[in-house]
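Engineer: Handing you a structure now.
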Amino acid sequence: MNGHKNWQRNLLKSAVAASLLCGASLAGAATQGTVGATSTGSVDLEILVPGLILVNQLNDLTLTYTPGSDAAAIEGFCVWSTPGLVYDIAFAGDNPNAGTTFSAVSGGDSVEYSVEFDDQVGGAGWQAVVDGVTLNNGGAGFVPGTGATPGCTTENARIQVTALELANLDTAPAGVYQDTITLVVSPF
Amino acid sequence: MDAARHRATLLACLLWLAAPAAWAVTDIAGLGGVDLGTWTPATGNASNFDDFCVAARRGNSQNPGPYAVRVTPLTGTRFELRSVSNPAAVIPLTLAFQDLIDGGQEALVPATFTVREQTGARTCTGTNNARLIATAASTDILAAPPGEFQGLFRLTARDVPPANELSRDFSIRLRLAELIRISGLDSIDLGAFDGVQDRRGVDDFCVYSNGLTGRYTVTGTGQGAAGAFRVQSGTASLPFVVEYDDGAGLLPMTPNLPLAKLNAVSTSIDCVGGNNASIRVSIAADDMQQAPPGVYTGEIILLVAPI
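Chains as they are written, first to last, in my numbering: chain A, 1 to 188; chain B, 1001 to 1307.
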C-alpha cells in the first residue's frame, strides 16, 4: 500500500494491503444424507476475498542541479489492485517543510521541491501534490492496473519532482540533499 | 320305566366322572410363517405377524379349552435371523404371541411356554384365534450386511393343564438391500484471503455402508457450469479444488466423476467411533488476487454409492 521514493539511494519497497470487508457468517448449512441405495449430502463453502491494492516498481530519483535551470525528474511506477477498485494516493516527505512543498536536507541546510502525480491509465493528468494530503481525482479515484499477478508489467502512474532554481537551488550551499517520500495507496 | 331310565342316566354320569380327563390340543392350522419383507430405512423396526388357529378341547367335551404356546429356534438357542449367504451374520428378533379372542399379548422366550392361558378354538374352520408377531429392530438391521435372512422355528401348543402337545414348524424371513449413508457434514468457512496465501478448509464426516467390503464410490458436484467446483459472489466466481480422503490419503476429485473408496464403516450409521472420511477444499491465491472483492459462497454435493 505504501512505497518510498528516495533521492539518491536505491530502495524499492512494496507491500500488499487489504481493504477488509465486513466478515459474514455462512449463510447455508451442510445437509446430511439419508440411508438408502445411494446417499447425498452437501457442504457449504464461504470465503471472503477483500479488495487488495499494491504499489511497486518504485525506483529512487536522482536530480542534478545545473546552474541556469531547475532540477526535475520523472519516475514511473505501478499501482495494482483486484478488479473493480479505484484508489486514492497520499505522499508524505520525511523532512519538515513549509506550506505545501517538500524539503530535501543536507545537514542543516535544505532545498524545497514540488511533487506532481499523474495517473496515466485514468488520464487524470498531472495533479499537484500537497505533502500529507490525499489525492482522489476529484472524488472519482484513480484507476489501478489489474491482472493475474500482483504487480504490473507496465507502469501506470508517475510522479514528477521539481526543485526550482530561483531563490532555492541557487542559494543553497553545495551538498547532497535527500528526502524520502512515502506513497500510500488505498482502495477508494 | 322312569326309574330304570334314571338309573341308566346316573350310571352314565358316574362313568363319565370316572374316565381320565382328555384335555387336548387338536389342531394348529394356518401357521405359514412371517415375512418381514424387504427392509428400507423408512420402515423403521421391521415387524409383521401371521394369524393362525389353535384348536384345544376341554376334557372330553366339545368345548374349547385353554392352551399355552412355545416357540423354539431350530438353529441355535435365540430368536434371530441368519444370513443365507453368510451364516455368521445374524439379526436379533423378538417374538410375541397374541390371543385374538381376548386380545392378550405376551412376549415369547425361546423354548419356554407362555404363562397366559390362551383361548383355544373348538375346531379350526376358518377363524383364526392366534397371532405370532415378529420384530427386528432397525438398529440391528443396519448393523447387518445386505442379503436374505431367515430363521426356522417350531411352535408348540400345549393344553392347560398340560396333557398333550402339537407342533408346527415355520420360518421368518427378511431381505436387506445394500445401504449407504453420508452424514456428519459441516460447512467450511475458508476465512479471509490475506492477499498472499492459498486458502484451505477441511471437513470430516461419516460414510456408513452395510456392505461387507466397505467399498463405495463418491461423486462430487459443484455449482459451476456442468458441476464445476466454483464459489460465486454476484457474477464473479472462483475455482476451487476438492480432495477426498478415506484414510488412505488425499486424492483430487473431478466434478461428476465417481471416485472409488474403501473405508465405509459397517456397524454404525453415524460413525459413533469417529469419522472415516474428509474433504479438503483449496482456493489458489493467484485466482483470488484476480477476483473482485466480495464474499464468495458455494456448495459441494457429495453422492456416495456402494460398489
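All C-beta atoms in this analysis are idealised placements derived from N, C-alpha and C, irrespective of residue type, glycine included.
Everything numeric in this text was worked out from a predicted model, so none of it was measured.
Who are the near neighbours of asparagine 1276 of chain B in its chain, counting only those whose CB is closer than 8 Å to its CB and skipping five residues on each side?
Structural biologist: Cys1206, Val1207, Asp1246, Gly1247, Asn1263, Ala1264 and Val1265
Engineer: Against chain B, with Cβ distances strictly below 7 Å, would aspartate 44 of chain A count as a contact?
Structural biologist: yes
Engineer: Excluding the 5 residues flanking valine 1034 of chain B on each side, which residues of the same chain have their C-beta closer than 6 Å to its C-beta?
Structural biologist: Asn1048, Asp1050, Ala1134 and Ile1172
Engineer: Would you say proline 50 of chain A lies against chain B (beta-carbon separation less than 7 Å)?
Structural biologist: yes
Engineer: Cutting at 6 Å between CB atoms, please list the residues of its own chain near serine 1167 of chain B, excluding the five before and the five after it.
Structural biologist: Arg1154 and Thr1156
Engineer: Please list, in chain order, the chain B residues whose beta carbon lies closer than 7 Å to that of alanine 29 of chain A.
Structural biologist: Ser1187
Engineer: Considering just the uninterrupted stretch of the alpha helix (DSSP H) at threonine 1139 of chain B, what are its terminal residues?
Structural biologist: 1138–1142
Engineer: Under 7 Å between C-beta atoms, does proline 67 of chain A make it to chain B?
Structural biologist: no
Engineer: Alpha carbon to alpha carbon, what distance is there between glycine 1274 of chain B and alanine 30 of chain A?
Structural biologist: 18 Å
Engineer: With distances taken between CB atoms, is the gap from leucine 1324 of chain B to alanine 1046 of chain B smaller than 7 Å?
Structural biologist: Residue 1324 of chain B lies beyond the stretch modelled for chain B, which goes from 1001 to 1307, so this question has no answer here.
Engineer: What residue range is occupied by the uninterrupted beta strand (DSSP E) comprising alanine 157 of chain A?
Structural biologist: 157–163
Engineer: Should the segment 91–103 of chain A be regarded as contacting the segment 45–60 of chain A, the criterion being three or more beta carbon pairs within less than 8 Å?
Structural biologist: no
Engineer: Three Cβ pairs or more, each shorter than 8 Å: is that satisfied between the segment 152–162 of chain A and the segment 70–90 of chain A?
Structural biologist: yes
Engineer: Looking at glycine 107 of chain A and the ligand SAH, is the gap between the Cβ and the nearest heavy atom below 6 Å?
Structural biologist: Within the structure as shown, the ligand SAH is missing, as the structure has no ligands at all.
Engineer: With a 10 Å radius around its C-beta and 16 neighbouring C-beta atoms as the bar for buried, classify alanine 1260 of chain B as buried or exposed.
Structural biologist: exposed
Engineer: For the candidate residues A:Thr82, A:Ser81, A:Thr34 and A:Ala104, whose alpha-carbon lies nearest to that of valine 176 of chain A?
Structural biologist: A:Ala104
Engineer: Note down, one range per segment and in chain order, each alpha helix (DSSP H) of at least 4 residues found wholly within the segment 1251–1306 of chain B.
Structural biologist: 1285–1289
Engineer: Count the other CB atoms, across all protein chains shown, that sit within 10 Å of the CB of serine 1061 of chain B; report buried if there are 16 or more and exposed otherwise.
Structural biologist: Counting C-beta atoms within 10 angstroms of its own C-beta, serine 1061 of chain B has fewer than 16 neighbours from the protein chains shown and is therefore classed as exposed.
Engineer: With 7 Å set as the bound, which would you pick, yes or no: does the beta-carbon of phenylalanine 1193 of chain B sit closer than that to a beta-carbon of chain A?
Structural biologist: yes
Engineer: Kindly give me the distance between the Cβ atoms of aspartate 1198 of chain B and isoleucine 1283 of chain B, rounded to whole angstroms, as I take these residues to be in contact under 8 Å.
Structural biologist: 7 Å
Engineer: When you compare only the Cα positions, how much space is there between alanine 1137 of chain B and isoleucine 1091 of chain B?
Structural biologist: 8 Å
Engineer: Within 10 Å of its beta-carbon, does valine 1319 of chain B have 16 or more other beta-carbons around it, so buried, or fewer, so exposed?
Structural biologist: Summary: the structure shown does not reach residue 1319 of chain B, with chain B confined to residues 1001 through 1307, and so no result is reported for it.
Engineer: From the DSSP output, which residues share a beta bridge with glycine 1195 of chain B?
Structural biologist: Answer by DSSP bridge pairing: none, since glycine 1195 of chain B is not bridged.
Engineer: Quick check on the DSSP output: what are the complete beta strand (DSSP E) runs of length 3 or more inside the segment 1207–1243 of chain B, in order along the chain?
Structural biologist: 1216–1221, 1230–1233 and 1236–1239
Engineer: Roughly how many whole angstroms lie between the Cα atoms of proline 67 of chain A and valine 111 of chain A?
Structural biologist: 15 Å
Engineer: Show which residues of chain A have a CB atom less than 7 Å away from the CB atom of alanine 1177 of chain B.
Structural biologist: Near alanine 1177 of chain B (Cβ distances below 7 Å), the residues of chain A are Ala37.
Engineer: By DSSP, does leucine 995 of chain B sit in helix, in strand, or in coil?
Structural biologist: Residue 995 of chain B is absent from the model: chain B starts at 1001 and stops at 1307.
Engineer: Do glycine 1151 of chain B and leucine 1081 of chain B have their CB atoms nearer than 7 Å?
Structural biologist: The answer is yes: Cβ separation under 7 Å.
Engineer: Report the neighbours of isoleucine 1182 of chain B on chain A: residues whose CB is nearer than 8 Å to its CB, in chain order.
Structural biologist: Gln32, Gly33, Ser39, Thr40 and Gly41
Engineer: Does the beta carbon of glycine 1298 of chain B come closer than 7 Å to any beta carbon on chain A?
Structural biologist: yes
Engineer: Return helix, strand or coil for aspartate 170 of chain A, following the three-state DSSP convention.
Structural biologist: helix
Engineer: Helix or strand or just coil, what does DSSP make of alanine 1089 of chain B?
Structural biologist: Secondary structure at alanine 1089 of chain B: coil, using DSSP grouped into helix, strand and coil.
Engineer: Return the first residue and the last residue of the beta strand (DSSP E) that leucine 63 of chain A is part of.
Structural biologist: Boundaries cannot be given for leucine 63 of chain A, as no beta strand (DSSP E) includes it and DSSP labels it neither H nor E.
Engineer: For a quick check, are the C-beta atoms of tyrosine 1296 of chain B and valine 1231 of chain B less than 7 Å apart?
Structural biologist: yes
Engineer: In whole angstroms, what separates the C-alpha of threonine 34 of chain A from that of glycine 1227 of chain B?
Structural biologist: 22 Å
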